[in-house]
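In what follows, a structure is listed as structure tokens, so that the remarks can point back to it.
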Amino acid sequence: MGFRKKQMVGFGLILLFLAILLSFMMVTLNNLKSSMTEIVENRYEKVQASMEIRQLFSRSDREILFAANDANKEERAESLEIINENHSLIESKIAGLSGSLQRVKAKQLLKEFETQYASYSITEAEIIQKIKSGNSSDVLSNLMDDQREKRKKVISTMDEFKDYQEGVMKDTLSNSKQTYEDMISFVIFAVIFSILVISVTVVWMIRSTSKDLQSITKVIKNIDFKNLSVVPRIPVRTTDEISDIARSFNDMAESLEAYNRKEKDFTDKISEQNWIQTRVADIATMYQRIVDVEVLADRFITRLAPMMGASIGAFYLKRGEGEDMRFVKLASFAGDGEDSGRREFRMGEGLIGQCALEKKLKVIDDIPEDFHLVTTGLGEVNPKSIVIAPVVFEDEVVAMVELASLEAFTKLQKHFLNQVLDTLGITINNVEGRMEIERLLQESQAQTEELQAQSEELQSQSEEMQAQSEELQTQAEELRMINEQLEERNRETEEKSKELQVAKQNLEKQAEELKLSSKYKSEFMANMSHELRTPLNSILILSEMLSDPNDSKLTEEQQEFARVINSSGQDLLTLINDILDLSKVEVGKLEVVFDEMNMSELPELLHRNFDHVAKKKNIDFIIEKDKNVPDIFFTDEQRFQQILKNLLSNAFKFTEKGYVSVQIKKADEENVAQWIQTKGASNWVEIKVKDTGIGISKEKQKLIFEAFQQGDGATMRKYGGTGLGLSICREFAKLLGGWVIVDSEEGQGSTFTLFIPSMPEGFKNVGEAIAASPEVAAANHDEPAAPFDSHVEPDAGMMDEEDRDKAKPFCNKTVLVVDDDHRNIFALKNALKHEGMEILTAENGYECLELLEKGNDIDVILMDIMMPGMDGYETMTRIREQSKFENLPIIALTAKAMKGDREKCLKAGASDYVSKPLKLDQLLSVLRVWLTN
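Numbered by the numbering used here, the letters in the sequence shown go through residues 4 to 936 in order.
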């Protein structure tokens, strides 16, 4: 039975019992009402009517007696009238009672009363008639007696009627009381019975409903809301609304289980997606700041293999194009030396080559039992699954990845691998493009910096070079703008990799232009060196001759002028050499030769070369050398000594009082490491050059190491100089693998610290001369002048005349000077004449050959190289072609000192080689060697 039906039945029974109870009460009340109505309306009215009839009857009887005995005529008439009125009222009352009586006995009594009253009325009428007629009292007395008898019967019947009505009324009242008492009893019983029935109905309804609800509540309480995969069901036992609730709950439970399954599946998919995205993001983060494809391959395979659960893996990158295209292994994971996979393969070779050809991922699960590739410390293990995947970029395979695992690769791992490889191709292309751009950019920057530096150097040489220097600066600015464009393109390349080839071609074109420009500049530097050294050669020779106190006829003041000219020429020569050295360092063409040197001789060498400077300036010169400094040290001694010479010259130059000290000790490698890399050196030496000079402000300490830079304008005006010394020191120190730092306060002096390594194996990145087209070479390339004098020249005034005669083996010797510059001819002619030699001159190769053909007895030839018409090389070649001149000494002289010129001169037939500007002592020494031999 349904819940609603139960409610309807229950409440229906209650309403039914209430209706029955109310109906019974209504019937009982109606009965009571009828009884009361009968009592009040019928019985009471009938009794009242009988009483009124008796009263009227009694009154009529009294009026008759009054009229018959005591009344006068008027009173008798009035009494008669009253009697008549009463008689009419009695008859009407009797008529009324006759119509309302229902009981037979009452009707009989009323009929009897009516008959007796009619008889009485007759007698009464006779009495009234007799009274009216005035009969005698005897007649009236008889009539009165008869009336009296009839009156008694009427009254007796009337009383009987009244008593009967009262008895009926009492019976009716008694019945009404009994009915009331019965109704009260029934109502009590009905109420109690109704309460019992209602209670039973309610209990039945509550129990049946609560039982179903309790079963539902019990099931709901047993639900595990943390695990909705299995939800308990409510048993359906009825077909009521509760069963509908149970069925709805069961449907809801089924829906919850389905939703839980879907949610779990969705959560699993989200977890898998998060797993993939997290690892993809991890690998994408790893790509950052990688600029080398080999580093990318190694990091990628090392990171990918554990994520894939692989036990071994290999990464192959495509090399070459067309028929030369092949895939080369760049990195591996958990490999067994050379046995971990193939070194390389071509497209279509083997399964991996076929995968590369098809551009499809391949998974191999059916692996033979004898396929052993995964190795452990205990032996080899057979992999269960192998995956081979191509890395595709723009529909072209750029790399291959192969992984092997001890367990089968899951679908999630394969999906992860596909997502990773989607971005790997772009990354490989970006890294390769970045590497190419970085290489071109570095070349461009190096060449740009070279052009800028050389342009600034040329500007300081002469006003004639200014136009060309401005042109170079303009070119350098253009290159800087191109460099900025290249940097911008480098950033854009990561987003627009397709434009890489266009940028590459532009860069290559600009690199060729830079290379050509560098070549032109190098030739220009060499030509400028020749043009500067040629006039400088005659200045130095003539000023040296004029300043000789023993041979000059000049006054002492004029000799001092000549010495000033010679000193200025030497300074100019030093400046030219410094500029060319710095240029050669910047373009990487300065050769560095690492060989052993004796560090124990360094203090004595420094004293020998700078004691006289300290004495002249009246300052102290202190040298301290620790005992733990190794005696044998491997470096380029010439460059090392030149660094010390520049540092000490700089210290003495800016120190007016106090001292200059040199401290030589073994350097702490950890201290050196904060300035420069220390790999490859057997040990380090730290040399501090300290002075009490003017000092350097903090903001100028970086500036002083730049070319042509000094502390400020006042310093330059007061102390002079070019500002190249410290720049060359730092560049030479870098070439030797070391570094120079400064610690100074303005007005407190300066401390320059040189860190230099001992390199028994040499420095691989430095000192490798590039055998390309001839570029700038230092004037002392083939004939390096030592920065320190290894011996002290004896004073010319101390030589006696006999020694001087022995020092002149040139008397009566004939020298042929071949040079197109009259200034050089004049200087050499006077210098050699002073030595007692006979001088012949020729302005070019043709004149030289003519003089030789004339049969002049020539002992030695001084041959200039750069001459119009026939240059020195061709002239020497033609001379050597004649057998009679095979042993004739030919000394090549040139101011254009190009790399390989010495070998070229010797190959053309020169006996020796001297570069301009000439040092007279050096020239005479060379002549002495060849003339005495």
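The beta carbon of each residue, even a glycine, is placed where N, CA and C say it ideally should be.
Counting the other CB atoms within 10 Å of its CB gives residue 678 a total below 16, which places it among the exposed residues. If you draw a straight line from the Cα of residue 327 to the Cα of residue 512, it is about 26 Å long. Excluding five sequence positions before and after residue 664, the CB atoms of its chain that fall closer than 6 Å to its own CB belong to 625 and 693, given in chain order. Beta-bridge partners assigned by DSSP to residue 600: 636. Taking a cut-off of 8 Å for Cβ pairs, the stretch 420 to 436 and the stretch 345 to 357 do not touch, as fewer than three such pairs fall below it.
Three or more beta-carbon pairs separated by less than 8 Å link the stretch 445 to 452 to the stretch 482 to 495, which places the two stretches in contact. Sequence-distant Cβ neighbours of residue 267 in its own chain, meaning closer than 8 Å and more than five residues away, are 232. Judged by their CB atoms, residue 168 and residue 95 are not nearer to each other than the 8 Å cut-off. Per DSSP, residue 567 has no beta bridge partner at all. Close CB contacts of residue 85 within its chain, under the 6 Å cut and outside five residues either way in sequence, are with 66 (chain order).
Note: residue 319 is bridge-paired with 332 and 403 in the DSSP secondary-structure output. Residue pairing by DSSP puts residue 752 in a beta bridge opposite 748.
Annotated as proximal: residue 868 and residue 874, with beta-carbon spacing under 8 Å.
For residue 144, the secondary structure class from DSSP, reduced to helix, strand or coil, is helix. Between the beta-carbon of residue 50 and that of residue 156 there is about 20 Å, and that puts the pair past the 8 Å contact cut. One Cα belongs to residue 227, the other to residue 422, and the distance between them is close to 39 Å. Here the stretch 10 to 27 lies against the stretch 195 to 208, with 3 or more beta-carbon pairs under 8 Å apart.
Straight through space, the alpha carbons of residue 568 and residue 861 are spaced by roughly 33 Å. By the criterion of a C-beta distance shorter than 7 Å, residue 845 is surrounded in its chain by 819, 821, 851 and 854, once the five residues flanking it on both sides are discounted. Residue 662 has 623 as its beta-bridge partners, per DSSP. Residue 510 is positioned such that its CB atom lies no closer than 8 Å to that of residue 402. A direct Cα-to-Cα measurement between residue 687 and residue 544 gives close to 43 Å. Per DSSP, the unbroken beta strand (DSSP E) holding residue 844 starts and ends at 841 to 845. The straight-line gap separating the alpha-carbon atoms of residue 25 and residue 176 is approximately 23 Å. In the structure shown, residue 214 falls within a helical segment according to DSSP collapsed to helix, strand and coil. Under the DSSP assignment, residue 314 falls outside any alpha helix (DSSP H); it carries neither an H nor an E label.
When C-beta atoms of the stretch 181 to 192 are compared with those of the stretch 208 to 222, fewer than three pairs fall below 8 Å, so the two segments do not count as touching. Just measuring C-alpha positions, the residue of 420, 362, 386 and 407 sitting nearest residue 398 is 362. Proximity to residue 29 across 148, 189, 82 and 650 peaks at 189, based on C-alpha coordinates.
Annotation for residue 897: the continuous beta strand (DSSP E) segment containing it runs 893 to 897.
Counting along the chain, the unbroken alpha helix (DSSP H) around residue 880 starts and ends at 875 to 884.
Counted as a single uninterrupted DSSP element, the beta strand (DSSP E) harbouring residue 391 occupies residues 388 to 396. In the same chain as residue 129, and ignoring 5 residues on each side of it, the C-beta atoms closer than 8 Å to its own belong to 146, in chain order.
Assigned with DSSP and collapsed to three states, residue 433 falls in helix.
Going by C-alpha positions, residue 829 is about 34 Å away from residue 645. Counted as a single uninterrupted DSSP element, the beta strand (DSSP E) harbouring residue 817 occupies residues 817 to 821.
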